[in-house]
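*Asks:*
Protein chains: 2
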Amino acid sequence: MTTRSYGQYCGVTSALEVVAERWALLIVRDLLVGPRRYTDLKQGLPKIPTNILSTRLKELQEAGVIRRVPLMNCGLVYELTPYGRELEPIVLALGRWGFARMGTPRDGDVVTADSLTVALRTAWQPDAADLPPTSYELHVGDVVLRADAGPDGLRVAQLAPPAPPVGGRAPSGEPDLRFAAGPAIREIIAGTLAPADAVADGTVHILEGDPALLDRFAATFRIPVPAAPAPIRT
Amino acid sequence: MTTRSYGQYCGVTSALEVVAERWALLIVRDLLVGPRRYTDLKQGLPKIPTNILSTRLKELQEAGVIRRVPLMNCGLVYELTPYGRELEPIVLALGRWGFARMGTPRDGDVVTADSLTVALRTAWQPDAADLPPTSYELHVGDVVLRADAGPDGLRVAQLAPPAPPVGGRAPSGEPDLRFAAGPAIREIIAGTLAPADAVADGTVHILEGDPALLDRFAATFRIPVPAAPAPIRT
DNA sequence: CCGGATCCGAATCGATACTG
DNA sequence: CAGTATCGATTCGGATCCGG
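One line per chain: the protein sequences are R and G, in this order.
Offset between the first sequence (1-based) and the numbering used here: plus 14.
Offset between the second sequence (1-based) and the numbering used here: plus 14.
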């Protein structure tokens, strides 16, 4: 079982031996949003085989990245350790880097609540904090997110599918803007599709609120993609 | 061959499909130091099977991460594209994260010139730039590096094993400090071994220069590890 | 030597079924 | 809910071989 070793005494290899295993960083990605139970992870990673999920959870645990926490009312959740949480900037940076090569969804591709949540965190522009505090309700597929952007940061809550609100209570009150989008949400964030155009051609549907707020959304959540885009994944 | 897909429309998955394949990020790590030929990569990654190296080079190339550049005087090198070079902060962050779990070298672990070069870049503290500009010659195993730390940044050159000085000429002049170390170099950088102690017990050997400069080295290159270290890789 | 391609056994992964 | 067990499909590792 020495087959995982890259045979080098080096920080990069030590990191990769843990987190470059297939599915490992996606488990971390979902746990960055909050503690999750086994079943939550399975649903958030629809294509992971259950034996691999088990194996990874065990490996990440003994690597000190995650921790098993029994719940008072039966059941248990997995959560990141402080050391595991240090992976957050890395996962976000990978999300930014990969954003440029996303292309259009392939057959069977899904958007999960957790992936969209970290995507928003990835795209979040702290320097847009001097815009008026705004709360958005965002529908993509059957995922509904509530994002509150203010001067003291970004807070994202999952309204549907409903996850246990372990981390803290959901923001209350009416959102300033409620809208629904498909994969075109990526074009908005990339800046290659003007909000006005998106509303005009129906790829984004305003459910409630001032459509002009979509411009503020586009300024708050942005990942610039290079002019000459990287080859798209097929 | 749809077996690589994680089935999600998400930046993180798009990135991982390219970069989380076994050996892929290590190829990127070595190319971060400079263009390399096939044989250089094979020597810098002693345990990579050649078919895997070929496959990864092809994949990274068609993913727009690396590029094949024919050399005028016969031969060819691989180099990062601008898009590939954007992985640098990610690789360095992974190196920092993995540093905490390196432990002691396992049997057969080697330290390569490229891995040590990016390790120095990983540990480099820009805020130590107000220290006097200093150049070090560092011996670890049969790797000899020349590191010049000054107010305008860090420059590392490989003196042995000699790599083609493609990126720019090596710094000239005598280094301020020449010293040799084993794996204990990690303890110096981690701050868990005082330079004076290292010299006293012989784990670091001063070849030339003022031993007190080792303290400056330790201040310039540092990766703090948490008090409660993460479980070590076995 | 450089830059791979080919072949084969070993280990891992994916899909599904099943269990306390 | 939280995983094992099983088994075929891929991938990886190790070695050898080949054309310039």
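For each residue, glycine too, the CB sits at the ideal point set by N, CA and C.
Please state whether DSSP places G:Gly98 in a helix, a strand or coil.
*Replies:* Looking at G:Gly98 - three-state DSSP - the assignment turns out to be helix.
*Asks:* When you compare the CB positions of R:Leu74 and R:Ile104, do they come within less than 8 Å of one another, or not?
*Replies:* Taking 8 Å as the Cβ cut-off, R:Leu74 and R:Ile104 do not qualify as a contacting pair.
*Asks:* To the nearest angstrom, how far is it from the Cα of R:Leu130 to the Cα of R:Val79?
*Replies:* When rounded, the distance between both Cα atoms is 22 Å.
*Asks:* Go ahead and pull the three-state DSSP assignment for G:Trp138.
*Replies:* In the structure shown, G:Trp138 sits in a strand (DSSP, three-state: E or B).
*Asks:* So, G:Pro84 versus G:Leu90, is the Cβ gap smaller than 8 Å?
*Replies:* Result yes, Cβ atoms of G:Pro84 and G:Leu90 sit closer than 8 Å.
*Asks:* Tell me the start and end of each unbroken beta strand (DSSP E) in the segment 47-135 of chain G that is at least 3 residues and wholly inside, in chain order.
*Replies:* You should have 80-84, 90-94.
*Asks:* Please list, in chain order, the chain G residues whose beta carbon lies closer than 7 Å to that of R:Lys61.
*Replies:* Those are Tyr20, Gly21, listed as they occur along chain G.
*Asks:* Look at the alpha carbon of R:Arg70 and the alpha carbon of R:Arg81, and state the distance between them as a whole number of angstroms.
*Replies:* Near 12 Å, if we compare the C-alpha coordinates of R:Arg81 and R:Arg70.
*Asks:* Taking G:Arg120 as the reference, which of R:Tyr52, R:Val213, R:Phe235, R:Tyr23 has the closest Cα?
*Replies:* If we check each option's Cα against that of G:Arg120, R:Tyr23 comes out closest.
*Asks:* Could you say which of G:Val157, G:Glu31, G:Leu191 lies nearest to R:Leu39 if we only look at CA atoms?
*Replies:* Checked all of G:Val157, G:Glu31, G:Leu191; the closest Cα to R:Leu39 is G:Glu31.
*Asks:* Report, in whole angstroms, the separation of the C-beta atoms of G:Ile246 and G:Gly117, which I expect to be a contact under 8 Å.
*Replies:* That pair is a contact at about 4 Å.
*Asks:* Start and end of the beta strand (DSSP E) containing R:Gly164?
*Replies:* It spans 157-164 - the beta strand (DSSP E) in which R:Gly164 sits, taken as one unbroken run.
*Asks:* Return yes when at least one heavy atom of the ligand MN lies under 7 Å from the C-beta of R:Thr136, else no.
*Replies:* No copy of the ligand MN occurs in the structure displayed, which carries no ligand at all.
*Asks:* Could you tell me how far apart the beta carbons of R:Pro197 and R:Ala114 are, in whole angstroms, since I believe they sit closer than 8 Å?
*Replies:* Incorrect: roughly 15 Å between the Cβ atoms, too far for contact.
*Asks:* With DSSP as the reference, identify every bridge partner of R:Arg169, one or two as the case may be.
*Replies:* Answer is R:Asp162.
*Asks:* How should R:Glu222 be labelled, buried or exposed, when 16 other C-beta atoms within 10 angstroms of its C-beta is the threshold for buried?
*Replies:* It is exposed - the Cβ of R:Glu222 has fewer than 16 other Cβ atoms within 10 Å.
*Asks:* Tell me, please, which residues DSSP counts as bridged to G:Glu151.
*Replies:* G:Arg160, G:Arg192.
*Asks:* With a threshold of 7 Å on Cβ separation, who are the neighbours of R:Ala77 within its own chain once the five nearest residues in sequence on each side are excluded?
*Replies:* Result list for R:Ala77: Val32, in chain order.
*Asks:* How far does the beta strand (DSSP E) with G:Glu31 in it reach, from first residue to last?
*Replies:* Not the beta strand (DSSP E): G:Glu31 falls in the alpha helix (DSSP H), residues 25-33.
*Asks:* Provide the residue span of the beta strand (DSSP E) that contains G:Ile220, from first to last.
*Replies:* Element bounds for G:Ile220: 218-223.
*Asks:* Distance, Cα to Cα, G:Ile220 vs G:Val213?
*Replies:* Whole-angstrom Cα-Cα distance: 7 Å.
*Asks:* Relative to the C-alpha of R:Leu159, which residue among R:Pro146, R:Ala194, R:Pro238 is closest?
*Replies:* If we check each option's Cα against that of R:Leu159, R:Ala194 comes out closest.
*Asks:* Less than 8 Å separating the beta-carbons of R:Gly25 and G:Gly112?
*Replies:* Result yes, Cβ atoms of R:Gly25 and G:Gly112 sit closer than 8 Å.
*Asks:* Assuming contact is defined by CB atoms lying nearer than 8 Å, are G:Arg36 and G:Tyr92 in contact in what I supplied?
*Replies:* Not a contact, by the Cβ cut-off of 8 Å.
*Asks:* Spell out whether any CB of chain G is found under 8 Å from the CB atom of R:Glu28.
*Replies:* For the sequence presented, residue 28 of chain R should be read as Ser rather than Glu. Yes, contact with chain G.
*Asks:* Return no unless some Cβ of chain R is closer than 8 Å to the Cβ of G:Ile41.
*Replies:* Judged by the 8 Å Cβ criterion, G:Ile41 is not in contact with chain R.
*Asks:* With distance defined between alpha-carbon atoms, name the residue in G:Leu67, G:Asp229, G:Leu46 nearest to G:Arg135.
*Replies:* When each option's Cα is compared against that of G:Arg135, the closest is G:Leu46.
*Asks:* At a CB-CB cut-off below 8 Å, which residues of chain R make contact with G:Val124?
*Replies:* Going along chain R in sequence order, the residues near G:Val124 (Cβ under 8 Å) are Gly21, Gln22, Tyr23.
*Asks:* Under a CB-based cut-off of 8 Å, is G:Ala212 close to chain R?
*Replies:* No, its Cβ sits nowhere closer than 8 Å to a Cβ of chain R.
*Asks:* When DSSP builds the beta bridges, which residues end up paired with G:Ala174?
*Replies:* In DSSP, G:Ala174 forms a bridge with G:Val158.
*Asks:* Which one of G:Ala133, G:Ser28, G:Thr17, G:Asp215 has the shortest CA to CA distance from G:Ile237?
*Replies:* Cα-wise, what sits closest to G:Ile237 is G:Ala133.
*Asks:* When DSSP builds the beta bridges, which residues end up paired with G:Phe235?
*Replies:* BP columns for G:Phe235 point to G:Trp138.
*Asks:* G:Thr53 and G:Leu145 look like a contact to me (Cβ under 8 Å); what is the Cβ gap, rounded to whole Å?
*Replies:* Not really, about 38 Å apart at Cβ, beyond 8 Å.
*Asks:* Measuring only the C-alpha atoms, how far is R:Gly98 from G:Ser186?
*Replies:* Going by the C-alpha atoms only, they are around 42 Å apart.
*Asks:* Could you check where the alpha helix (DSSP H) with R:Pro245 kicks off and where it finishes?
*Replies:* Segment: none, R:Pro245 is in no alpha helix (DSSP H) and carries neither H nor E.
*Asks:* Give me the residue from R:Asp156, R:Ala127, R:Glu188, R:Ile199 with the minimum Cα distance to R:Thr148.
*Replies:* Of R:Asp156, R:Ala127, R:Glu188, R:Ile199, the residue nearest in Cα terms is R:Glu188.
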